[in-house]
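Heads up: the sequence lines are chains Y and E, in that order. Going left to right, the first sequence walks through residues 1 to 184 as this note's numbering numbers them. Going left to right, the second sequence walks through residues 185 to 472 as this note's numbering numbers them. Every residue gets a Cβ at the ideal spot worked out from N, C-alpha and C, and that includes glycine. Just so you know, these numbers come straight off a predicted model, no measurement behind them.
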Amino acid sequence: MVVSVGGGGVGVGVAVGADPSLGGPAGPGPVRGALRGGRRDVLRGLFAAAGALALAPLVAASRPPHGADDPGEVAFDETYRGRHIRGIKTTAGRASGADQWHVTVDGRQLELMRRADGTWLSMVDHYRSYETPLEAARAAVDELGPGQQLREIPMGHAGTMSGMDDMGGMGEMDDMGGHHGVRP
Amino acid sequence: MAYVRKDASTLTSAEKRRFVKAMLEIKRRGEYDEFVRMHIDFYVTDGEGGLRTAHMAPSFLPWHRRFLLDLERALRRVDASVTVPYWDWTKDRKAGAGPWTKDLLGGTGRRSDRQVTTGPFAYATGNWTIKEGVTDGEFLTRDLGRARDPIELPTKAELESALADPVYDVSPWDSTSAKGFRNRLEGWGSGRGSAAWRNHNRVHRWVGGVMVGGASVNDPVFWMHHAFVDLQWSRWQRRHPGARYLPAKPMEPGSAQYRRIVARHEKLPPWDVTPDSLEDVSRIYRYA
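Pasting the structure below:
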């Protein structure tokens, strides 16, 4: 099933993992549980998240490279310890095919980074990693003190981050001043 | 003449006072927050593209060595007698003792919001407002020992398992390197449970609060922790004479880590130095 979200000329297609040909939600994992439990909410979340990403071309991968990422796991939307956490997989037409996730906690973006073994860590919880973006998001909530919110990420920063894997060509990196060990 | 970095638990009252005063002064001048920002900006993970220098890479040790030297220089511009003390977490393992006293770092955070309310870095002093953070919280937070889900500091035996490895680092030169002194000390494991965070990483989690996040530098214990990590590099060198920083040569084009890690004689951003030049610092400082 594909939900098309037209956004002012920016074509945004979001594949929701309910397509039987992709296996669909299966097993008792928390992510799948979240999808099964609140499908309408998930869809609402997708619309909202897609809206927030209106400038980013958004095409969900049909079959991600890592086995740990079941094709069904393309989004989550739940309340965890009183925090509203949402995530949506965004694969921005990149040759590498590596997954990107846009995750928010109470509407503020949570930066996620990937480890070489395919696990995930966030800016809030930087010294260990988690199997899935949802686990990383929950762990970030665990570390957020009561009443604390994520700081707003300056415009442009997160957008550049999501393009990092595109820097396979070193000439491109040099053009961008990229070969300096600093996050763009 | 090399200066001396001391065990924090051996500092005199005057030494503690001068260290704290210099820290507060560079914070007041805005210099401290530049260090926080730099650490955030250089945290590139190995599942992303681009060059990694500070973490999940062989240069974890020289990067932080130079980072400490820069902080120490800033402190010594304020007070030339100050050096960065180290926190021996294999020895000082209690939340109420060691560096966690009112005259040095202050204690753990209060239960309600993990805010540190004791010591010179408590928010209410007005001297330690967090400006470069992951959250919008302006106060320093800690959860020593992780009260709601307790963990222990790394043991001497765990640290020993890193020191005993005779090879500095091994392919694939990242957080998945199963052997080598560097990753055993940096502490990236695999799987779940306590094996997933060791030594350096585990200490960040034991302290909790801001120390767990990308802006960990906001807690002054960051420097005392990394001074102790840095001391391990020197101990490892003494234990394994002739053992050097690896890789010795730049990665070949086409290899997975080509231009993503720093070899022994390559420049270590953001500085104009190489790991080679940071292996021997005996002319600058030594550890007591």
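9 Å Cβ cut-off: residues of chain Y touching residue i
| i | result |
| --- | --- |
| S197 of chain E | Near S197 of chain E there are no residues of chain Y at all, since even the closest Cβ is about 32 Å away, more than 9 Å. |
Cross-chain neighbours of residue i in chain Y, by beta carbon under 8 Å
| i | result |
| --- | --- |
| V396 of chain E | V124, D125, H126, Y127, E143 |
7 Å Cβ cut-off: residues of chain Y touching residue i
| i | result |
| --- | --- |
| D230 of chain E | R115, A116 |
Beta carbon proximity, residue i to chain E, threshold 8 Å
| i | result |
| --- | --- |
| L121 of chain Y | yes |
| P146 of chain Y | yes |
| T132 of chain Y | no |
| G29 of chain Y | Bear in mind that a pLDDT of 33 at G29 of chain Y, under 50, signals an unreliable position, so the model cannot answer this. |
Within chain E, the residues that residue i reaches when beta carbons sit closer than 9 Å
| i | result |
| --- | --- |
| V81 of chain Y | The residue asked about is misnamed: residue 81 of chain Y is Arg in this sequence, not Val. Under the 9 Å cutoff, chain E gives no residues; its nearest Cβ is about 11 Å from R81 of chain Y. |
| A149 of chain Y | According to the sequence displayed, residue 149 of chain Y carries Gln and not Ala. The contacting residues are T319, D320, G321. |
Proximity test, Cβ basis, 8 Å: residue i and chain Y
| i | result |
| --- | --- |
| S296 of chain E | yes |
| D320 of chain E | yes |
| S461 of chain E | no |
| D358 of chain E | yes |
| G317 of chain E | yes |
| T129 of chain E | Outside the shown range of chain E (185 to 472) lies residue 129 of chain E, about which nothing can therefore be said. |
| S374 of chain E | yes |
| S355 of chain E | no |
| V220 of chain E | no |
| L343 of chain E | no |
Which of helix, strand or coil DSSP assigns to residue i
| i | result |
| --- | --- |
| G122 of chain Y | Reading off the sequence shown, one finds Ser at residue 122 of chain Y, where the question assumed Gly. It is a strand residue. |
| M113 of chain Y | strand |
| G27 of chain Y | Low per-residue confidence applies at G27 of chain Y: pLDDT is 33, beneath 50, and the placement is therefore not dependable enough to give any value. |
| Y442 of chain E | coil |
| A75 of chain Y | strand |
| Y471 of chain E | strand |
| K451 of chain E | coil |
| W357 of chain E | coil |
| T458 of chain E | coil |
| Y80 of chain Y | strand |
| I210 of chain E | helix |
| R295 of chain E | coil |
| L289 of chain E | coil |
| W101 of chain Y | strand |
| W273 of chain E | coil |
| Y130 of chain Y | strand |
| W381 of chain E | strand |
| T229 of chain E | coil |
| D320 of chain E | coil |
| W284 of chain E | coil |
| V396 of chain E | helix |
| V300 of chain E | strand |
Per-residue contacts from residue i into chain E (C-beta, under 8 Å)
| i | result |
| --- | --- |
| R138 of chain Y | Those do not exist, as R138 of chain Y stays about 13 Å from chain E at its closest Cβ, beyond 8 Å. |
With 16 other Cβ atoms within 10 Å as the buried cut-off, status of residue i
| i | result |
| --- | --- |
| S243 of chain E | buried |
| G310 of chain E | exposed |
| D464 of chain E | exposed |
| T196 of chain E | exposed |
| T79 of chain Y | exposed |
| P304 of chain E | buried |
| R295 of chain E | exposed |
| G479 of chain E | Residue 479 of chain E falls outside the range modelled here, since chain E spans only 185 to 472, and no answer is possible. |
| M240 of chain E | buried |
| Y442 of chain E | exposed |
| G364 of chain E | buried |
| E436 of chain E | exposed |
| D263 of chain E | exposed |
| I445 of chain E | buried |
| E370 of chain E | buried |
| V266 of chain E | buried |
| K89 of chain Y | buried |
| I335 of chain E | exposed |
Residue i Cβ short of 7 Å to the ligand COA heavy atom set
| i | result |
| --- | --- |
| A380 of chain E | No copy of the ligand COA occurs in the structure displayed, which carries no ligand at all. |
Inset, instruction - Check distances from the C-beta atoms of the stretch 377–392 of chain E to those of chain B and list, in chain order, the residues that come in under 9 Å. - result: Here the protein chains are Y and E, and chain B is not one of them.
Inset, instruction - Compile a chain-ordered list of the residues in the stretch 225–252 of chain E whose CB is closer than 8 Å to at least one CB of chain Y. - result: D225, F226, Y227, V228, T229, D230, G231, E232, G233, G234, L235, R236, T237, A238, M240
Legend entry - Interfacial residues, the stretch 419–439 of chain E to chain Y, with Cβ spacing under 7 Å: none
Legend entry - chain Y contacts made by the stretch 398–413 of chain E, where a contact means CB separation under 9 Å: G398, A399, S400
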